[in-house]
Each structure stands twice: as structure tokens, then as C-alpha cells.
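Beneath this line is the structure, given in C-alpha cells, with notes to follow.
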Amino acid sequence: RYHAENLLVGLMTPRPMEPLGSQLQHYMKLIIDNLLNLYDNGVVYYTPAFPQGRCVHMALLAVVCDHPAMCKMGGFADHSHNKAPCNKCHIDQASI
91 RYHAENLLVG LMTPRPMEPL GSQLQHYMKL IIDNLLNLYD NGVVYYTPAF
141 PQGRCVHMAL LAVVCDHPAM CKMGGFADHS HNKAPCNKCH IDQASI
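Adding 90 to a residue's 1-based position in the sequence shown gives its number in the numbering used here.
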């Protein structure tokens with residue numbers, strides 16, 4: 091199940107310039123929308139073992155990245171962000 095041949099790398103950002111958080115969130119929305127559809131509805135695969143087809147549902151198991159990338163992927167600020175470290179209440183660092 092968790093063998094390398096069963097895994098798919100969905101996104102790697104090229105060097106030396108990394109995308110802005112808003113650019114990454116725009117791209118991730120497309121991927122997440124597709125993943126939600128594959129989880130809810132599944133997709134039918136036809137194989138010699140299942141010539142009539144078999145519905146397979148898919149799920150995202152893990153996102154592996156460093157802390158700054160995790161903040162961008164999750165859509166929230168890094169711990170050193172001074173303006174609005176919380177994406178819910180938008181309180182600045184000095185008011186916390």
C-alpha cells in the first residue's frame with residue numbers, strides 16, 4: 091500500500107524563486123477540488139481482474155514539507171510573522 095510505486099508527488103516548487111502564498115493557494119485549490127471529488131465520488135478503473143470495473147476512492151495521506159512551506163500550504167502565517175500570525179482573528183503580534 092505505501093510502496094514508492096504507489097505514491098505520487100503532486101507538487102514541487104522550482105528554485106530559486108518560491109511562489110507567494112496566494113499563488114500557492116490558487117494552485118492548491120485546483121488540486122484540493124479534484125481530491126475532494128475523487129474522495130466523494132471515486133473513479134472507476136477497468137482491469138483484467140475487474141472487467142466490469144471497480145470504483146476506487148482516493149485520499150491525501152500526507153503533506154511533507156518544511157515549516158515555512160507548511161505555513162504556506164496551510165494558508166497561515168509563520169511564527170515570525172509580525173502583522174497577523176492568526177488567520178482567523180487577524181490580531182497583530184503586539185496585541186497577543
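Note that CB positions come from ideal geometry on N, CA and C, so glycine has one too. Every value quoted in this text rests on a predicted model; they were computed, and no experiment measured them.
Residues bridged to residue i [DSSP beta-bridge criterion]
i           : result
residue 153 : Answer is none; residue 153 lacks a bridge partner.
residue 145 : 134
Whole-number beta carbon distance between residue j and residue i, since they are thought to touch under 8 Å
i           : j           : result
residue 97  : residue 163 : Not quite, the Cβ-Cβ distance comes to about 17 Å (not below 8 Å), so this is no contact.
residue 148 : residue 125 : 7 Å
Rounded separation between residue i and residue j - CA only
i           : j           : result
residue 111 : residue 156 : 14 Å
residue 153 : residue 134 : 25 Å
residue 129 : residue 184 : 42 Å
residue 144 : residue 131 : 12 Å
residue 166 : residue 118 : 14 Å
residue 127 : residue 151 : 16 Å
residue 138 : residue 146 : 15 Å
residue 161 : residue 95  : 28 Å
residue 140 : residue 106 : 46 Å
residue 120 : residue 158 : 21 Å
residue 123 : residue 99  : 17 Å
residue 136 : residue 108 : 39 Å
In chain order, which beta strand (DSSP E) runs of at least 3 residues are fully inside the stretch 94 to 134? none
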